[in-house]
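See structure below.
Numbering (this note's numbering), first residue to last: 1 to 299.
In structure tokens, the structure reads:
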């Protein structure tokens, strides 16, 4: 009796770059509704269940909070999928960005902004300055398109401008001085321990922080000429557990030339350019992390 021949022992992931006849053993030309675990076993996804129907967008989840937009209204989403109205009358079709700080979740869509605590939305007003005497004028937070915190400051992008708050006060903004303007619209702000990855419509840069945490003296480093696909950045993963020599939390986002990992040190790595082809028409999408699976879609 002849010896058995192993045809398939585990999946090595997708490869849409090479033609099918040139795929290596274990590489997949297509994979539909499956996941590949760390032992390379292909498993069928558990499926999906329709919880609500409607014009939904801008879903956000962080630990025990979850929010979503439907039409012009903002809702809190409970664990069982039920919705609680938070705010109505917002601009139709405007994607909403969120950032959580403790019990507060800050949000903005380029037209309106606010603060959510316990499924109750309130305004994001100008704070009260209590530092040394100053003739600087302070304003409330701009209604930006993207937002994130780093080094005790809130960073908010509004079209081509990246604003930042006073240190330790996300309610104070010196709009005359505390900003940097790029040539094209900002599509992503993703902070890590060493600074912030920022994508414009032209490229991704890294704004490296400094000991004084003064953004005016940040070092700007070019990361990639491939801008992020807007809204595909999401969550963080432990770089060491994924094989990187980087002990901090790392970011992830998609581009037209592959998925990038932005390491906590400011380094970066293209994860799949040699394996997966993305359409050149991609301009927006979504992303989420489930364990170490980066699930994303583009259009």
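Positions of the beta carbon are idealized from the N, C-alpha and C atoms, including for glycine.
All of these numbers come straight from a predicted model, not from anything done at the bench.
Classify residue 158: buried if its beta carbon has 16 or more other beta carbons within 10 angstroms, exposed otherwise.
buried
Is residue 148 near residue 265, with beta carbons less than 9 Å apart?
no
Neighbour-count burial assignment, residue 91, 16 or more Cβ in a 10 Å radius:
exposed
Report yes if the C-beta distance between residue 212 and residue 196 is below 9 Å; otherwise report no.
no
Identify the continuous beta strand (DSSP E) that holds residue 66 and give its terminal residues.
65 to 70
Beta-carbon proximity list for residue 89, same chain, < 7 Å, skipping 5 on both sides
72
Just to confirm, is the Cβ distance from residue 199 to residue 253 under 9 Å?
yes
Does the region 278 to 285 come within contact of the region 234 to 243, defined as at least 3 CB pairs closer than 8 Å?
no
I need the DSSP call for residue 256, collapsed to helix, strand or coil.
coil
Over the uninterrupted beta strand (DSSP E) stretch that includes residue 62, give me the two end residues.
56 to 62
Can you give me the C-alpha to C-alpha distance between residue 169 and residue 180, rounded to a whole angstrom?
19 Å
Using the Cα positions of residue 122 and residue 25, report the straight-line distance between them to the nearest angstrom.
56 Å
Residues of its chain near residue 273, where Cβ-Cβ distance is below 6 Å and the 5 sequence neighbours each way are ignored
257 and 258
Leaving out five residues on either side along the sequence, give the residues of the same chain with a beta carbon under 6 Å from the beta carbon of residue 215.
164
Do three or more CB pairs link the region 90 to 108 to the region 127 to 135 at distances below 8 Å?
no
Proximity to residue 138 [Cα-Cα], best of 108, 297 and 167:
167
Once you ignore the five residues that flank residue 58 on each side, which residues in its own chain have a CB closer than 6 Å to its CB?
69, 95 and 96
Quick check: what's the CA-CA separation for residue 40 versus residue 31?
13 Å
Quick check: the Cα distance between residue 174 and residue 287, rounded to an integer number of angstroms?
33 Å
Separation of residue 226 from residue 22, as counted between CA atoms
27 Å
Count the other CB atoms, across all protein chains shown, that sit within 10 Å of the CB of residue 38; report buried if there are 16 or more and exposed otherwise.
exposed
If residue 110 sits next to residue 143, beta carbons under 8 Å apart, how far is it from one beta carbon to the other, in whole angstroms?
6 Å
Where residue 300 and residue 207 are concerned, what is the direct C-alpha to C-alpha distance, given to the nearest angstrom?
Only positions 1 to 299 of the chain appear in the structure, and residue 300 is not among them; the question remains open.
How many Å lie between residue 44 and residue 34 at the Cα?
4 Å
Pair within 9 Å by beta-carbon distance, residue 204 and residue 182
no
So what does DSSP say about residue 208, is it helix, strand or coil?
strand
Residue from 188, 224 and 276 with nearest C-alpha to residue 145:
188
In whole angstroms, what is the alpha-carbon distance linking residue 244 and residue 263?
8 Å
Expected contact under 8 Å - CB spacing of residue 127 and residue 171 to nearest Å:
3 Å
Residue interval of the beta strand (DSSP E) (run including residue 264)
Per DSSP, residue 264 belongs to no beta strand (DSSP E) and is neither H nor E.
Measure the C-alpha to C-alpha separation of residue 233 and residue 4 and round it to an integer number of angstroms.
45 Å
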